[in-house]
Every structure is written in C-alpha cells, then in structure tokens.
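Colleague:
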Amino acid sequence: MILQRLFPERKEIDPEHYRRHLLGLNLMLLPWAGGLALVAWLPYIVVDVQLYAEHGPWLLLLRSGLSLVGILLIVFYFIKPLQKLAPVWMAVLAIYLVVVTPLITNLVENDPRYVSGYQLVLILMAFVPLTFWAVLSLLLTSIGIYFVLAFFMHPELFGPSYEYVLLNVIVALVVTVAMHYANERIRLGLILRENHLSATRRSLRSRNLQMLREMHMARRVQRKLLPAEFPDNEHLETAGYYRSIEQVGGDFFEIEQLSEYSGDPDDHRMLIVVADASGHGVPAALIASMAKASFRNALRKRIFKPHLILQDANRDLLDYLLDDHYLTAYIMLIDPDGGMMYFSNASHRPAILVRPGRVDAGLEQLDSHGALLGMFEDATFETRGMPLESEARLFFYTDGIVESLNAHGEEYGLDRLYFK
C-alpha cells in the first residue's frame with residue numbers, strides 16, 4: 002500500500018522493464034562514476050596531511066579504497082558478462098561512500114570542513130540510479146553510522162555548540178531523500194510514457210501490417226478486374242496497359258468476346274469497356290469492382306447495345322453507391338462482320354480513332370452524350386455508330402494520362418497524347 006501511494010506509476014510498469022531501465026542507466030554511468038571515484042580524493046591528500054597529520058595513514062587508507070572501487074567499476078564495465086550487474090557495482094560504490102565518509106568525518110572530530118564533504122556525499126546519493134528504497138536504506142545506514150560513532154567518539158558534539166553542524170547533516174539527509182523521490186517519480190513517469198509510446202508503435206505497426214495485407218488483397222482483387230489475356234482474331238488485334246498512381250485505383254478496362262455470352266461460336270463481335278471510378282485508393286477500387294460486376298451482369302442478360310449496357314449498370318450502381326460516388330465509362334462494340342463499330346459514352350474520355358498514314362489530321366474523338374453512372378435515376382445514354390476502317394487504330398484511355406503532372410506542375414495534356 003505504501004509503495005502504491007508513494008509511486009502510483011509502479012502498478013502500470015512491468016517490473017522487468019523497470020529493471021532493464023535501471024540497468025541501462027547504471028551501465029551508462031558506470032565508467033564515469035568509476036573514473037571520478039579513481040581521482041576524486043587525490044586533491045584531499047595535501048589537505049589531510051596539513052590538517053590531520055596524526056591521522057594521515059588512516060585517512061590515506063580509507064580514501065585510497067575509493068580508487069580501488071573506481072578501478073573495479075571501470076574493469077567491470079569492459080567485461081561483457083559483468084555488465085548485467087551494473088546496478089550491483091554502482092551500489093558497491095554507494096555503500097563505500099556512505100560508510101567510509103562518516104568514518105572519516107568522525108575520525109577528524111567532525112571538523113566542519115569535513116562535515117560539508119559528508120553533506121556533499123549525502124546529496125550526491127540523490128542522483129544514484131538505484132531504487133528509492135535502496136537509496137533510502139543506504140542513507141539511513143550512513144546517518145546511523147555517523148551518529149553512533151559521534152555519540153561514542155565525540156559525545157560533546159551533542160552539546161549546543163555543535164547543534165548547527167548536526168542540523169545541517171539532517172537537512173542534507175532530508176533534501177537528498179526528497180530529491181531522490183522526485184527523481185524516482187520522474188524516472189517512473191518517463192518509463193510509463195515510453196511504455197505508452199511502445200504500445201502505440203506496436204499498435205501502429207499492427208495496423209500498418211493489417212493495411213498492407215488489405216492492400217495486397219485489394220491489388221489481387223483489382224488484377225481480377227483487368228483482362229488476363231487480350232483476345233485477338235482474324236479481324237482485330239488488342240493490347241492494353243494499366244498502371245495506377247497509388248497501389249490500387251478505380252480505373253479498369255475489359256475486353257469481351259461476345260460469343261461467350263451469345264452462345265454463337267461464329268459471333269466475332271468484341272466489346273471494349275473502359276471505366277474510371279471517382280476517388281482514389283481502396284474506395285475507388287471497390288466502386289470499380291461493383292461496376293465491372295454490373296457490366297458483366299448486363300452481358301449475361303444478353304444486353305449488347307452499349308447505351309443499354311450503361312443504363313442497366315446505372316440502375317445497379319444507384320442501389321449501392323453513396324451520393325458522392327460515381328463512375329465514368331466508355332463502351333464500344335466492334336462488329337467486324339458487319340463492318341461497324343458502335344460506341345456510347347458516360348462522361349468518360351472519348352476514344353481516339355487513328356486513321357492509317359494520317360497521324361496528324363487523321364485523329365478523331367469518338368464521343369456521344371451520356372451522364373455519369375451512379376448519379377441520376379433518369380440518366381440517358383446514346384449509341385453512335387460508324388464504319389470500321391481497315392488498319393485503323395482505336396485508343397482508349399482514362400484521365401490519369403492527360404492529367405498527370407511533370408516536375409514543373411504541367412499536365413501531359415491532350416496535345417502531347419495526340420502527337421506523341
């Protein structure tokens with residue numbers, strides 16, 4: 002109960018994580034603490050000799066032990082198997098300081114100049130990266146040693162003339178405890194925030210993986226929207242290319258041999274569908290998949306006239322699309338036996354007819370009037386027809402080509418499409 006009241010953060014922190022955190026702090030400070038312990042006492046040699054020559058050997062022995070501890074800390078830091086015991090080695094240094102310093106202070110009869118050094122050691126304990134209870138135990142042990150030695154070796158210290166010195170030692174103890182408590186709360190808060198950040202990163206990583214899996218599935222679905230092969234016959238040759246700006250998109254095209262739907266093996270008619278769903282990414286791909294299903298459903302019902310296919314698909318899409326979703330589409334029926342091609346446009350980029358040998362003046366947009374799909378119940382479409390021309394080419398595309406930007410922010414445009 003006391004632990005939870007003093008450190009409410011501990012109940013949310015994994016003890017193993019807390020241990021690893023302390024290990025990291027101690028390992029980082031170990032060589033610095035060892036180096037300071039090695040040399041920190043050297044300036045006091047001259048002072049000890051000048052002030053207390055009679056205690057010189059004892060003072061030298063007690064102080065040189067600090068250097069020995071410092072050497073051990075540095076050596077242990079470079080021995081990898083011993084690095085995991087870094088908090089233990091730091092505790093050894095702290096124990097040496099809190100035990101030896103009160104001995105030295107009492108040995109020199111509590112000289113105020115040495116008492117100030119003892120106070121400094123007490124305050125330094127506030128920054129030792131050990132648990133609060135470990136540091137508190139060390140501090141109480143040190144104060145106990147100090148007062149017991151003072152009581153038996155120098156009982157006069159408890160008189161009025163030394164009250165100020167003793168009071169300063171107690172104040173240093175209280176300040177150290179308060180500072181280490183504050184440091185511990187800050188440390189626990191940092192660990193808690195680190196835990197929250199780690200949990201957030203794990204959650205984001207999991208969501209990203211899920212999104213990648215869903216995106217991969219969406220790409221697989223979208224590949225199903227594209228022809229697996231391009232049908233050719235003695236009258237027609239077809240080819241196509243698809244590339245989305247994003248991983249998935251709402252553009253698709255379809256090339257269908259109507260003999261598969263009419264049941265007549267001598268039916269050489271071919272239907273070409275090019276469509277572009279509004280929006281980007283997965284939502285657009287979803288609209289495209291529904292549109293393709295609607296087009297195929299019309300063919301299964303043996304609806305082959307382009308404007309009737311668009312009308313039938315529009316009725317289907319109105320039942321499923323939201324108000325701000327729509328689709329543009331272009332359908333062409335090519336009848337090589339009849340020597341005609343029929344096309345109907347639902348607000349899409351019209352197909353381009355390229356006549357043989359006339360790349361500049363022989364271009365013609367094959368357009369017709371028609372509304373967007375999935376927007377209006379009373380949408381109407383028209384089918385136009387024109388004769389097939391031998392060796393002519395038909396080019397179908399979406400606005401992704403003409404609206405693509407270069408490094409200067411310029412659109413590719415229709416002019417480049419026509420003449421390049």
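With the numbering used here as the guide, the letters of the sequence shown map in order to residues 2 to 421.
Beta carbons are placed, not taken as given, at the ideal position from N, Cα and C, and that holds for glycine.
1. Under the three-state reduction of DSSP, which class applies to Ser-369: helix, strand or coil?
2. Is the number of C-beta pairs between the segment 328 to 343 and the segment 256 to 274 that are closer than 8 Å three or more?
3. By alpha-carbon positions, which one of Ile-46, Ala-87, Asp-15, Arg-20 ends up nearest to Met-29?
4. Cβ of His-308 within 8 Å of Cβ of Phe-382?
5. With a threshold of 7 Å on Cβ separation, who are the neighbours of Val-129 within its own chain once the five nearest residues in sequence on each side are excluded?
6. Can you tell me the Cβ-Cβ gap for Val-403 and Gly-410, rounded? I've got them flagged as a contact below 8 Å.
7. Which first and last residues belong to the alpha helix (DSSP H) in which Ser-117 is found?
8. Return the first residue and the last residue of the alpha helix (DSSP H) that Gly-66 is part of.
9. Return the CA-CA distance between Met-154 and Ser-117, expressed in angstroms with no decimal places.
10. Does the count of Cβ pairs from the segment 302 to 321 and the segment 388 to 406 closer than 8 Å reach three?
11. If you measure from the CB of Leu-374, is any heavy atom of the ligand HEM nearer than 7 Å?
12. Pick out whichever of Ser-65, Glu-17, Glu-13, Lys-12 has its Cα sitting closest to the Cα of Ala-38.
13. With a Cβ-Cβ cutoff of 8 Å, do Gly-25 and Gly-71 count as a contact?
14. With respect to the beta strand (DSSP E) encompassing Pro-388, which residues constitute its N-terminal and C-terminal limits?
15. Apart from the five residues on each side of it in sequence, which residues of its chain come closer than 8 Å, Cβ to Cβ, to Asp-325?
16. Between Ala-347 and Gly-371, how many whole angstroms is the CB-CB distance? I'm expecting something under 8 Å.
17. Could you please give the first and the last residue of the uninterrupted alpha helix (DSSP H) stretch that includes Asp-336?
18. Rounded to whole angstroms, what's the CA-CA distance from Ala-240 to Tyr-343? Just pull it up for me.
Modeller: By the coordinates alone:
1. coil
2. yes
3. Ala-87
4. yes
5. Met-91, Ala-95, Val-136
6. About 15 Å separates the two Cβ atoms, so there is no contact after all.
7. 113 to 125
8. 57 to 78
9. 19 Å
10. no
11. As for the ligand HEM, it is missing from this structure, which has no ligand bound.
12. Ser-65
13. no
14. 385 to 388
15. Ser-279
16. 4 Å
17. Segment 328 to 336 is the beta strand (DSSP E) holding Asp-336; no alpha helix (DSSP H) there.
18. 19 Å
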